[in-house]
Structures are given as C-alpha cells and as structure tokens.
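Numbering (this note's numbering), first residue to last: 2 to 268. This report refers to the structure that appears directly beneath it.
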C-alpha cells in the first residue's frame, strides 16, 4: 500500500457541462467519498494529500469522512451503494479488530460508535458484536425500560467498560461514546444506570479534534441527533455548558450548518 494518497483536483472546466470541476465537486461523488473513507479505515497510517495546483497542497483531515459520508454522495447507479456498503463494513470490521489487537482501545471505541455516521444512507446493517456477546441475564435487568437497559449493558460490554463513570485513556465516559453513537434508546439506558447527563470530554481528541470539555449534548447537536438532544434536555442537561474554546452545544450545531429543527429542540 502507498504511504500517501494523492487527491488530484485542479480547477478545470468540464467540456460538456461547462461547470468547474474541483475538490468541491470531487468530494460530492459517492465513489470518491468511498475511496477516501477506505483510506481512513486502512489498518496502516497513511496521509491523504489534496493537490489543487503546483503550489497548493493541503493535508486532508480525518473528520472529512464524517461530514461527507459515502452514502450521501452522488452515484450514477443507486445500486452501487450496496457495493460501497459491503466494502466499508468489511474495512470497518478489519479496522476494529486491528485496533483491539494493537491495544488501541480508544480508537476502537470511537470507530465502533461512529459507524452510524460512516455507513449513513448505505443499505447495510451496523456492526454489533465485535466482542463475543453476553448471554441475557433476566435477573440482572431491573423492571421498567428493559429494552434500553439491555442495550446499555451490551454497549458497556462491547466498549469494554465496567462502570458508568469510568473514563478511558482518551478521557471519554460511556455516555460520551453513546452520544457519538447517537442512539437515543441507548442514551436513555445509560441515564437509567445513573450516567451524568452533563458528561464531557476531559481531553481534546487527537484524531477528530473534538475539544476538551465538549459535552454529550454538544455531540448530539454536532451530528443533528435531535431526538437524543430532546432526551438530554428533558433530563436537565446544561444548555450553557461550553468546551475549552468557549463553544456551547448549539455552536457545535452551527459548525456544520445543521440547525434544522434545533430551534424547536431548544425550545
């Protein structure tokens, strides 16, 4: 495998359409997004370099794969999405297993809980059992909210956590990863286990640059998980909590221009 992945996108005029072809048009194409995601999910560390002219080179950031998932790109044949889905799921499975084998547990947890975004709009199911599944223990499930409590228990197992307030080497609690996941039923289950609704990152994430102090509510805002946001707000999440650069949860929504419905969410 090459050490560098070069994205050659000089600004050129399309002969037939008359439009300008550039990096912006490149990253709208589904297969190009899939290629970038495949490089991101490689088990080897490689760089993605955008070349727009002989004098303009730029290092592509990892989080581009989050904001522009392959399934939301343009495909000439819609059936191609199934092929892309199978490819990315296979690569993600290999990456998760490699991260576990190398002891990169924080990376494993981040990728495991980002798959809803990475596989967005692709006709493929998510990966649920990287770690051998626990047998159901009916006696261990408290009455009421059984589905969300079972989901929370399996989540704790798959993510390698033993307590609800435990922090991993990246400074994340189980609820932080659940907010990244975005499943409101899962979040409800963790809150039932006494997770702190105002949990936040105690360190800045080196891969995706999520800032220290970023709250679980901010994660939900960033990824437009409005149902999860409403749940957290109903559970008295602090709307004014800010991260280390002073950004609040609603500011994280604005970063992506994803405020549709947020006004209703915040009331």
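We put the CB at the ideal spot given by N, CA and C, even for glycine. Since this is a predicted model, take the numbers as computed values, not measurements.
Fill in: Span separating the alpha-carbon of residue 22 from that of residue 230
38 Å
Practice prompt. Please determine, among 8, 101, 70, the residue with the shortest C-alpha to C-alpha distance to residue 38.
Written response: 70
Worksheet item: Can you list, in chain order, the residues of its chain whose CB lies under 8 Å from that of residue 40, leaving out five sequence neighbours each side?
Response: 6, 47, 49
Worksheet item: So what's residue 33 in DSSP terms, helix, strand or just coil?
Response: helix
Practice prompt. Keeping to the same chain, check which residues put their C-beta closer than 6 Å to that of residue 34; ignore five residues upstream and five downstream.
Written response: 69, 71, 74
Worksheet item: Since residue 111 and residue 176 are thought to touch, with beta carbons under 8 Å apart, how far apart are those beta carbons, to the nearest angstrom?
Response: With 8 Å as the limit, residue 111 and residue 176 do not qualify as a contact, their Cβ atoms being about 14 Å apart.
Discussion item. Taking the alpha helix (DSSP H) that residue 123 belongs to, which residues open and close that run?
Written reply: Neither: residue 123 is in no alpha helix (DSSP H) and is coded neither H nor E.
Discussion item. Considering Cα atoms alone, identify which of 238, 113, 155 is closest to residue 181.
Written reply: 113
Worksheet item: How many Å lie between residue 279 and residue 89 at the Cα?
Response: Because residue 279 is not part of the residues shown, which for the chain are 2 to 268, the question remains open.
Worksheet entry | Coarse secondary structure for residue 249, derived from DSSP in three states | strand
Worksheet item: On the three-state DSSP scale, how would you describe residue 48?
Response: strand
Practice prompt. State the Cα-Cα distance for the pair residue 15 and residue 236, rounded to the nearest angstrom.
Written response: 53 Å
Discussion item. For a quick check, are the C-beta atoms of residue 107 and residue 169 less than 8 Å apart?
Written reply: yes
Discussion item. If I follow the unbroken alpha helix (DSSP H) through residue 151, where does it start and stop?
Written reply: 147–159
Worksheet item: residue 150: buried (16+ other C-beta within 10 angstroms of its C-beta) or exposed?
Response: Looking at its Cβ environment, which holds 16 or more other Cβ atoms inside 10 Å, residue 150 is buried.
Fill in: Beta-carbon spacing of residue 194, residue 153 below 8 Å
yes
Discussion item. Here's the rule: buried if 16 or more other CB atoms are within 10 angstroms of the residue's CB, otherwise exposed. What is residue 82?
Written reply: buried
Item to complete: State the CB to CB distance for the pair residue 232 and residue 188, rounded to an integer number of angstroms; the pair is presumed to be in contact (CB under 8 Å).
Response: 6 Å
Discussion item. Rounded to the nearest angstrom, what separates residue 220 and residue 202 at their Cα positions?
Written reply: 10 Å
Worksheet item: Which residues mark the beginning and the end of the alpha helix (DSSP H) in which residue 223 is found?
Response: From DSSP, the alpha helix (DSSP H) with residue 223 extends over 217–223.
Fill in: Alpha carbon of residue 20 to alpha carbon of residue 12, nearest angstrom
10 Å
Practice prompt. Measure from the alpha carbon of residue 67 to the alpha carbon of each residue in 238, 209, 245, 77, then state which is nearest.
Written response: 209
Worksheet entry | Beta-carbon proximity list for residue 58, same chain, < 8 Å, skipping 5 on both sides | 50, 51, 52
Worksheet entry | Residue from 85, 93, 128 whose Cα sits closest to the Cα of residue 122 | 85
Discussion item. Using the three-state DSSP reduction, which class does residue 105 fall into: helix, strand or coil?
Written reply: In the structure shown, the three-state DSSP call for residue 105 is coil.
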